[in-house]
Amino acid sequence: MSYYNSTILKTAAKVSFLHISWLVALIGIPIVFFRDSLDLVEKALLFSGLLFFFWFVYLLFCITFHRLSMRNEHNKFGYLAKDDLEKGKEVGTHLEGW
């Protein structure tokens, strides 16, 4: 049984990107900005690369730990009762409280 379709994964990707982007921006912008040996294009590429790397890792962790939580029957039935957008938001914010 597949728990995720394309709508759920797209919503989870959007929500997880918003959740991780403020954190990477808060930490990464000062680090990249005050790096004197790089020009502006290199700083932008470095920041973008770090943002997408950490977002992808965060999304994979959200999906992995959500999959593990589906072993519990109560969690599984609660998840399956929701519509696709709510499912995507649940998957994308699964690590939010940790």
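Residues in the sequence shown are numbered consecutively from 3, following the working numbering. Positions of the beta carbon are idealized from the N, C-alpha and C atoms, including for glycine.
Look at the Cβ atom of VAL26, then the Cβ atom of PHE67, and state whether they are nearer than 8 Å.
The residue labelled residue 26 in the question sits at position 24 within the sequence shown. The residue labelled residue 67 in the question sits at position 65 within the sequence shown. It is not a contact, given that the beta carbons lie outside the stated cut-off.
Rounded to whole angstroms, what is the Cα-Cα separation between LEU48 and ASN7?
Within the sequence shown, the letter at position 46 stands for residue 48. Within the sequence shown, the letter at position 5 stands for residue 7. Going from the Cα of LEU48 to the Cα of ASN7 covers about 32 Å.
Tell me whether the beta-carbon of GLU98 lies closer than 8 Å to the beta-carbon of HIS21.
As a working mapping, residue 98 is identified with position 96 in the sequence shown. As a working mapping, residue 21 is identified with position 19 in the sequence shown. In this structure, HIS21 lies closer than 8 Å to GLU98 by Cβ.
Specify, as a first and last residue, the run of the alpha helix (DSSP H) that TYR81 falls within.
For the purposes of this step, residue 81 is identified with residue 79 of the sequence shown, where counting begins at 1. Run containing TYR81: 75 to 82, per the alpha helix (DSSP H) assignment.
Report the rounded CA-to-CA distance for THR95 versus LEU42, giving the unit in angstroms.
On the sequence shown, position 93 is the one that residue 95 refers to. On the sequence shown, position 40 is the one that residue 42 refers to. Whole-angstrom Cα-Cα distance: 33 Å.
For a quick check, are the C-beta atoms of LYS1 and VAL34 less than 8 Å apart?
With the chain running from 3 to 100 in the structure shown, residue 1 is simply not present.
When burial is assigned at 16 or more other CB atoms within 10 Å of the CB, is ALA14 buried or exposed?
As a first step, residue 14 must be located in the sequence shown, where it is residue number 12. Flag for ALA14 reads buried.
Under a Cβ-count criterion, where at least 16 other Cβ atoms within 10 Å of its own Cβ denotes burial, should SER50 be classed as buried or exposed?
Translated into positions along the sequence shown, residue 50 becomes position 48. Taking all protein chains in view, the Cβ of SER50 is surrounded by fewer than 16 other Cβ atoms within 10 Å, so the residue is classified as exposed.
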